[in-house]
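Notes to accompany the following structure.
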Amino acid sequence: MSVDSLTSLRLKLAAQDIDNVSSVHRFLSPAMVLQLDARDWGKAAEITKSEHWRWAGIWAEDRGAELVVNACLEHQGSYLILRTLLTPERAILPSQAPHYWAADRPERHIRDLFGIHFEGHPDPRRWIRHQAWDENVFPLRKHFAAAGTPPGETPPDRDYPFLKAEGASVYEIPVGPVHAGIIEPGHFRFQAVGETVLHLEERLGYVHKGIEKLAEGRDPAGLARLAGRVSGDTTVGHTWAACMAMERAAGIEIPLRAAYLRGLLAERERVINHLWDLGALCNDVGFAFGHYQFGRLREQWLRENQLHFGHRLLMDRIVPGGVAVDLGPDAAGTMGRSIAALRGELDELLTILDSNSSLEDRFLGAGVLSTELAAALGALGFVGRSSGQTFDVRRDAPYAPYDRLTFNVPTESQGDVASRFWVRYKELRVGLRLLEALLEGLPEGMVAVPWQIPPEGAEGFAAVEGWRGEILCYVRFGAGNAIARYWPRDPSIVNWPALEKLVLGNIVPDFPVCNKSVNGSYSGHDL
Amino acid sequence: MLRLYSKIFKTGVLTEKVPKPPSPGIGVAEREEAIEQVGRALKGIVDKRFRGSLAIRQVDAGSCNGCELEIHALNNVYYDVERFGVHFVASPRHADVLLVTGPVSRHMEAALKRTYEATPDPKWVIAVGDCGACGGEFGVSYASCGAVSNVIPVDLAIPGCPPSPLALLQGLLSLCGRQ
Ligand code: SF4
């Protein structure tokens with residue numbers, strides 16, 4: 009972290025009489041930790057906001073006698089963690105949501121799971137809790153057993169207080185949780201006039217399967233497996249983040265070859281997902297040609313994953329201490345050839361897509377997320393980068409192997425579906441170049457080091473750039489190598505609210521393509 | 062437009078034959094022969110029992126979305142599941158088969174039951190993936206009901222995390238082939 013931005017922030021805090029800030033801790037390196045009084049929690053957010061820190065996430069932890077709450081912020085590639093302590097008897101904290109939009113749902117998530125009350129929060133409704141557990145029991149408190157109480161059938165969440173549509177000719181369209189396609193479940197409530205969307209409300213949480221609770225007590229290998237299933241299309245990203253956080257907690261340095269192989273896996277995941285989404289975007293506007301072509305290319309790459317890494321989607325390839333697979337001697341050659349082949353195919357497809365005005369008709373100007381709104385929401389990944397937000401963890405807070413590579417981060421500022429299509433297309437091309445650089449520079453050596461049991465209480469924090477954007481992860485170890493707390497933050501958690509905004513004023517039939525252009529993960533959000 | 066057509070012709074037909082699950086002792090030639098037989102048999106069953114069209118409603122009841130990615134792949138040009146008369150439909154009312162993924166999250170329990178009830182008889186349920194088959198990494202917890210069979214009756218489970226498109230196809234064939 010730059011000393012300047014932190015010093016300036018501390019001065020600002022002191023000027024606002026927030027002087028009970030305990031010394032800056034280094035134990036969550038590379039993030040800095042500032043511990044504050046609970047009463048200053050809201051004011052601190054006001055100050056960080058004015059200093060242009062981006063609000064990135066919040067997590068809590070029940071440590072018996074106290075509840076620890078952490079908020080993560082980022083500014084120019086530096087991560088800062090604000091920490092405060094509460095007692096279980098007085099679990100009240102000023103809300104940061106009035107200052108940061110992004111804090112709205114994560115604070116509600118914590119309230120539902122920990123029973124921490126956020127004073128001044130603008131939205132009192134439940135979020136992740138539907139009906140699977142009682143309103144007054146909190147699954148992430150330590151004394152709550154993971155098994156829960158033997159339940160009868162879980163009733164549907166019928167009485168969620170959605171915003172009501174009023175006025176002449178306004179009507180409502182409820183969609184989901186079971187959607188009409190092969191897609192994850194969630195509920196969308198549209199208010200429309202004619203074909204125009206006036207309001208959209210998302211209701212998520214349907215695939216909440218208790219990941220944070222299930223992590224407790226696992227060993228590092230078990231946590232890596234679970235992390236790989238936070239969101240199936242981001243198995244590399246989440247496993248990497250979890251392993252990096254655990255390795256930092258244990259003070260383990262992975263071999264450089266392992267870091268390069270992790271980079272290869274992550275870039276392959278990026279390429280495959282972007283190919284898939286480019287095809288799906290074409291499909292959503294009835295351009296079957298694009299759907300089939302991109303689907304064909306993706307399948308070829310999935311098969312190559314199987315061939316070189318032993319799994320089509322690359323699950324369980326990253327393990328604590330390194331990676332579980334090594335590349336054979338001719339892998340670099342065959343992969344190099346398929347990278348070149350894909351590049352040729354993309355060039356050819358680009359010419360065809362570019363000359364197809366019907367595609368342009370549907371993409372241009374649809375689902376606009378303005379630069380200002382993207383900044384206010386803290387939009388991440390290709391969603392942010394299509395709306396003028398340039399942040400990319402790989403470049404701005406680099407970690408091995410990206411700290412050794414130079415590459416550009418494509419951005420656009422129009423913020424429409426077309427921008428999100430082209431940013432992804434360009435990211436795909438950058439991914440191919442990175443893959444070449446990684447193959448070329450792949451160092452010799454081991455692919456993993458033995459695990460070392462970290463001391464009880466060891467904490468680790470990590471940020472990696474998944475294909476959707478910044479993934480954050482926090483872990484803390486308990487006694488005997490067992491995980492005491494795991495907090496994964498998928499970029500979708502931040503980007504879902506953007507969809508509610510960018511669809512306004514569009515016509516209802518454009519919702520699928522708007523939705524696909526954001527492509528939030530439900531599982532990664534619901535946890 | 063010409064470029065588009067030329068790309069289509071250059072790409073050609075990629076759709077592949079479907080091998081039977083490999084059984085020890087069967088050589089490649091016999092397997093090829095078996096493929097043809099299974100293909101013909103499936104088409105025959107779909108034609109006779111399902112009037113030429115087997116309709117599947119996919120339900121994600123709590124999956125990590127990995128299984129969905131492979132189910133989607135069934136429709137890509139390599140597998141092209143529609144050539145067997147198998148297609149995915151938007152409503153359970155139109156479905157013969159429910160293809161269910163996930164450990165069933167408790168929040169999806171009621172929705173899954175209702176989808177099952179909305180599917181006309183006769184119907185079959187296939188639980189997909191390790192999660193659908195036994196709860197997988199998630200098992201049974203305060204938030205998860207575990208295996209699909211803990212919530213609705215299941216006719217066949219296709220394990221794997223996630224099962225490959227080929228495994229899915231073989232599962233489908235074996236279900237339809239049952240008497
Ligand atoms: S079986 Fe594997 S891929 Fe399928 S939902 Fe479960 S964890 Fe995801």
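Read top to bottom, the protein sequences are chains A and B.
The numbering of the first sequence is the numbering used here, which starts it at 9 and goes up by one.
The numbering of the second sequence is the numbering used here, which starts it at 62 and goes up by one.
Note that beta-carbon positions come from the ideal geometry of N, C-alpha and C, so glycine has one too.
Taking 7 Å as the cut-off, is the CB of residue i close to at least one heavy atom of the ligand SF4?
i      : result
B/T162 : yes
A/S395 : no
B/D317 : Nothing can be reported for residue 317 of chain B: it is not among the residues displayed for chain B, which extend from 62 to 240.
B/G127 : yes
B/E198 : yes
A/G298 : no
A/G294 : no
B/P226 : no
B/P223 : yes
A/R325 : no
A/R233 : no
B/S124 : yes
B/G249 : With chain B running from 62 to 240 in the structure shown, residue 249 of chain B is simply not present.
A/R237 : yes
A/G240 : yes
From which residue to which residue does the beta strand (DSSP E) around residue i run?
i      : result
B/T176 : Element bounds for B/T176: not the beta strand (DSSP E) but the alpha helix (DSSP H), R167 to A179.
A/Y482 : G477 to F485
A/L361 : A/L361 -> not in any beta strand (DSSP E); alpha helix (DSSP H) instead, spanning A339 to D362.
A/M40  : M40 to Q43
A/A471 : E467 to G474
A/W63  : R62 to D70
A/R493 : I491 to R497
A/R211 : T204 to R211
A/L93  : S86 to L94
A/W430 : Unbroken run through A/W430 is the alpha helix (DSSP H), V425 to G449; no beta strand (DSSP E).
Buried or exposed for residue i, going by 16 or more other Cβ atoms inside 10 Å?
i      : result
A/R345 : exposed
B/F70  : exposed
A/H151 : exposed
A/P163 : exposed
A/R197 : buried
A/R497 : buried
A/V238 : buried
A/L21  : buried
A/N527 : buried
A/R3   : Outside the modelled stretch of chain A, which goes from 9 to 535, sits residue 3 of chain A, for which no answer is possible.
B/P85  : Confidence in B/P85 is poor, its pLDDT being 45 and thus under 50, which makes the residue's placement too unreliable to answer from.
A/T247 : buried
B/V74  : exposed
A/H216 : buried
A/A188 : exposed
Under three-state DSSP, which class holds residue i?
i      : result
A/Q301 : helix
B/V150 : coil
A/S30  : strand
A/R179 : Checking the displayed sequence, the identity of residue 179 of chain A turns out to be Tyr instead of Arg. A/Y179 falls in the strand class under three-state DSSP.
A/V76  : strand
A/D48  : helix
A/H125 : strand
A/L21  : helix
A/F198 : strand
A/E420 : coil
A/S13  : helix
A/S366 : helix
B/I87  : With a pLDDT of 45 at B/I87, under the threshold of 50, the modelled position of this residue cannot be trusted; read the value that follows with caution. Three-state DSSP puts B/I87 in coil, outside helix and strand.
B/P214 : coil
A/R245 : The residue you asked about is not Arg; residue 245 of chain A is Gly in the sequence shown. If DSSP states are grouped into helix, strand and coil, A/G245 belongs with the helices.
A/S239 : coil
A/P517 : helix
Which residue marks the beginning of the alpha helix (DSSP H) containing residue i, and which one marks its end?
i      : result
B/D121 : Not the alpha helix (DSSP H): B/D121 falls in the beta strand (DSSP E), residues L115 to D121.
B/C222 : First-last for B/C222: undefined, no H or E at that position.
A/A229 : P228 to A235
B/F70  : L63 to T72
A/A383 : T379 to L385
Find the nearest neighbour of residue i within the set the options, judged by alpha-carbon distance.
i      : options                           : result
B/K156 : B/F111, B/R167, B/T162 and B/R144 : It is worth fixing the name first, because residue 156 of chain B is Ala in this sequence and not Lys. Nearest C-alpha to B/A156: B/F111.
B/A116 : B/C222, B/V142, B/P224 and B/V215 : B/V142
A/S58  : A/A46, A/A39, A/L81 and A/V77     : A/L81
A/P458 : A/G230, A/E464 and A/V327         : A/V327
A/W63  : A/L289, A/L88, A/A46 and A/L361   : A/L88
A/L212 : A/R166, A/R256 and A/H138         : A/H138
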